[in-house]
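Residue numbers (full-length UniProt numbering): 1 to 230. For every residue, glycine included, the Cβ atom is placed at its ideal position computed from N, Cα and C. What follows is a set of notes on a single structure, which appears directly below.
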Amino acid sequence: MLAQTSPWYAHALQRTAASPAEPLAVPARVEWTTRRGNGPGAEILGPDLRRKRVVELGCGPGHNAACLATRHGARVTGVDQVGLQIRRARSHYGRLNNLTFVAGHALHYLQASNEQFDAIYSVFGAIGLVAPELLLPAIAQRLKPGCTLAFSVPHPQRGHRHRATDDRPRRDFVTLPDRTRLPIARWDFDTERWDKHLARAGLSLTSAHEFNDARNGRRPTTLLITARKL
Numbered sequence: 001m002l003a004q005t006s007p008w009y010a011h012a013l014q015r016t017a018a019s020p021a022e023p024l025a026v027p028a029r030v031e032w033t034t035r036r037g038n039g040p041g042a043e044i045l046g047p048d049l050r051r052k053r054v055v056e057l058g059c060g061p062g063h064n065a066a067c068l069a070t071r072h073g074a075r076v077t078g079v080d081q082v083g084l085q086i087r088r089a090r091s092h093y094g095r096l097n098n099l100t101f102v103a104g105h106a107l108h109y110l111q112a113s114n115e116q117f118d119a120i121y122s123v124f125g126a127i128g129l130v131a132p133e134l135l136l137p138a139i140a141q142r143l144k145p146g147c148t149l150a151f152s153v154p155h156p157q158r159g160h161r162h163r164a165t166d167d168r169p170r171r172d173f174v175t176l177p178d179r180t181r182l183p184i185a186r187w188d189f190d191t192e193r194w195d196k197h198l199a200r201a202g203l204s205l206t207s208a209h210e211f212n213d214a215r216n217g218r219r220p221t222t223l224l225i226t227a228r229k230l
C-alpha cells in the first residue's frame, strides 16, 4: 500500500503519527538549509516585510510561514499540495494573525490567483519538484517588479552526484521517518542551469550560495538561490 501512496502524503502521515497535532511556539528564525541556524534568515526576502504579501510554495507544517507572519509582520500564505500537511500547519499555527494555509498544487494556486506578491519563496518545496518551465513563469507573473524570489533545493552534487547535463528531471528519493525510501522526480539543477531558466521566465539571478551540513561531511547539501523580477 505504501508504494501506491504519494511519497509526500506518506511522509506527512508518518510525521503526524509521530508527533501530536498541537499549537507550537513560533520559530525564532526562517531556516533555509538542512541545519538550523545555518545561513541567512528572513532578510533575503526584503529589508522590511511588515504588511508585505508573501507566499510559500510547499509550506509543509508551516514553521517558516509562522515565523514570517509573527516575527516580521508579513501577510503570509502557505501553500502545500498535501492536505494532511495543511492540517498539521493549521494545528500548529492556525491561531496566528496574518497567516493563511491553503491546500493545493503550487502551480495551480499561482495560475488561479490574481494577487501580486512582494516575495515568493520555497524551502525544499515546490521549486525543483514542478517543471521549472511551467512554475517559474507562473511565479514571475505573480511577483511584483523588483521583488524577490528565494528558494533552497538539495544541492545537485550532494552525496557524490554528478552534475546534470540536460534539463530533464532526475530520479531521487524521499526518505520517510521510518527510513523507507520512495522514488520521486526532481529537477536537480546547478546555479548555471537555474540562471538560464530564471532568465527565460523574466527573473534575474541575484545570488547563489552553497551550504553544507557537517554531519554529512564537507560536500554541499543545500543550494540557496535568490532572484528578482525584472
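- Query: Beta carbon of C59, beta carbon of F124: below 8 Å?
  - Reply: Against the sequence shown, residue 59 aligns to sequence position 59. Against the sequence shown, residue 124 aligns to sequence position 124. Contact: no.
- Return the CA-CA distance between L134 and P20, expressed in angstroms with no decimal places. Taking the first residue of the sequence shown as 1, we reach residue 134 at position 134. Taking the first residue of the sequence shown as 1, we reach residue 20 at position 20. Looking at the two C-alpha atoms, the distance is approximately 36 Å.
- With 16 other CB atoms within 10 Å as the buried threshold, where does K229 fall? Numbered from 1 along the sequence shown, position 229 holds the residue referred to as residue 229. It counts as buried.
- Item | CA-to-CA distance, V79 to R87, given in whole angstroms | Indexing the sequence shown from 1 puts residue 87 at position 87. Indexing the sequence shown from 1 puts residue 79 at position 79. Rounded to whole angstroms, R87 to V79 spans 12 Å at the Cα level.
- Query: Quick one: what does DSSP say N212 is sitting in, helix, strand or coil?
  - Reply: Working through the sequence shown from its first residue, we reach residue 212 at position 212. N212: strand per DSSP, three-state reduction.
- Message: Let me confirm a value: A10 is counted as buried when at least 16 other C-beta atoms fall within 10 Å, else exposed. Which label applies?
- Response: Here residue 10 refers to the residue found at position 10 of the sequence shown. Buried, by the Cβ-count rule.
- Task: Label K52 either buried or exposed according to how many other C-beta atoms from any shown protein chain fall within 10 Å of its C-beta, with 16 as the threshold for buried.
- Result: Start at 1 with the first residue of the sequence shown, and residue 52 comes out as number 52. So K52 ends up on the buried side.
- Item | Of the listed residues P47, S6, V76, A164, nearest to C147 (C-alpha basis) | Here the question's residue 147 lines up with position 147 in the sequence shown. When the alpha-carbon of C147 is set against those of P47, S6, V76, A164, the nearest one is in P47.
- Assuming A12 contacts L84 under a Cβ cut-off of 8 Å, what Cβ separation, rounded to an integer in Å, is found between them? Position 12 of the sequence shown, counting from 1, holds the residue named residue 12. Position 84 of the sequence shown, counting from 1, holds the residue named residue 84. Right, their Cβ atoms sit about 4 Å apart.
- Rounded C-beta distance between L136 and A201? I'm assuming under 8 Å. Counted from its first residue, the sequence shown places residue 136 at position 136. Counted from its first residue, the sequence shown places residue 201 at position 201. The Cβ separation is near 4 Å, so the contact holds.
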